[in-house]
Every structure is written in C-alpha cells, then in structure tokens.
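Asker: Residue numbers (the numbering used here): 114 to 193.
Idealized CB from N, CA, C, for every residue including glycine.
None of these values were measured; they are calculated from a predicted model.
Here it is in structure tokens:
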C-alpha cells in the first residue's frame with residue numbers, strides 16, 4: 114500500500130475524531146454549566162443551552178476537523 118494513501122486515510126480519520134471530540138467536549142461543558150448554575154432556569158434543556166451559546170465553538174470544531182480531512186483527501190488524490 115502506498116504511504117501517501119495510508120497518510121491520507123489517517124488524516125481523514127484524525128480530522129473526524131478531532132471534530133467529534135471537540136464538539137463532545139463543548140457539549141459536556143455546557144451540560145455541566147447547565148446543571149451547576151442557574152442556566153437550567155433560563156433554558157429548558159442542556160441541548161437548548163448548547164445550541165444557543167456554542168455556535169462559534171461548533172464552527173471552530175468543524176473547521177479544525179476539516180483541515181486534516183482536506184489534507185487526507187488531497188493525499189489520496191496524489192496517490193492515484
């Protein structure tokens with residue numbers, strides 16, 4: 114197997130894991146904030162609070178995850 118192909122697949126997997134991990138970390142932080150502060154009186158659920166305050170964090174998480182995915186796709190195209 115070509116080393117560029119292996120590196121491309123690893124980059125794609127890394128990007129996906131990074132994106133999901135960052136969003137999960139932010140969601141867990143919002144759940145903790147919702148449970149331990151008075152946010153539960155302002156928002157009906159932790160998910161509603163997460164979607165309200167985490168738009169920037171979601172965008173950054175996706176952007177950080179897309180960079181290795183694009184790199185991996187480029188490496189896969191170069192290995193053909």
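What does the Cβ neighbour count give for residue 147, buried or exposed, with the cut at 16 atoms within 10 Å?
Answerer: Position 34 of the chain shown, counting from 1, holds the residue named residue 147. Buried.
Asker: Tell me which same chain residues have a C-beta within less than 7 angstroms of the C-beta of residue 179, skipping the five on either side of it?
Answerer: Counting from one through the chain shown, the residue named residue 179 turns up at place 66. So the qualifying residues of the chain are 128.
Asker: Reducing DSSP to helix, strand and coil, say where residue 116 ends up.
Answerer: Here residue 116 refers to the residue found at position 3 of the chain shown. In this structure, residue 116 counts as helix in the three-state DSSP scheme.
Asker: Which residues in the same chain have their Cβ closer than 6 angstroms to the Cβ of residue 153, if we skip the five residues on either side of it in sequence?
Answerer: Your numbering for residue 153 matches position 40 in the chain shown. The residues are 147.
Asker: Give the DSSP-derived three-state secondary structure of residue 174 in the structure shown.
Answerer: Here residue 174 refers to the residue found at position 61 of the chain shown. Residue state, collapsed to three classes: helix.
Asker: Helix, strand or coil for residue 140, going by three-state DSSP, please let me know.
Answerer: Residue numbering aside, residue 140 sits at position 27 when the chain shown is read from its first letter. Three-state result, residue 140: helix.
Asker: Since residue 165 is in the alpha helix (DSSP H), which residue starts that stretch and which ends it?
Answerer: Residue 165 sits at position 52 when you count from the first residue of the chain shown. Residue 165 -> alpha helix (DSSP H) spans 159 to 166.
Asker: Taking 8 angstroms as the limit between beta carbons, can you name the residues of its chain near residue 171, skipping five residues before and five after?
Answerer: As a first step, residue 171 must be located in the chain shown, where it is residue number 58. Result list for residue 171: 136, 139, in chain order.
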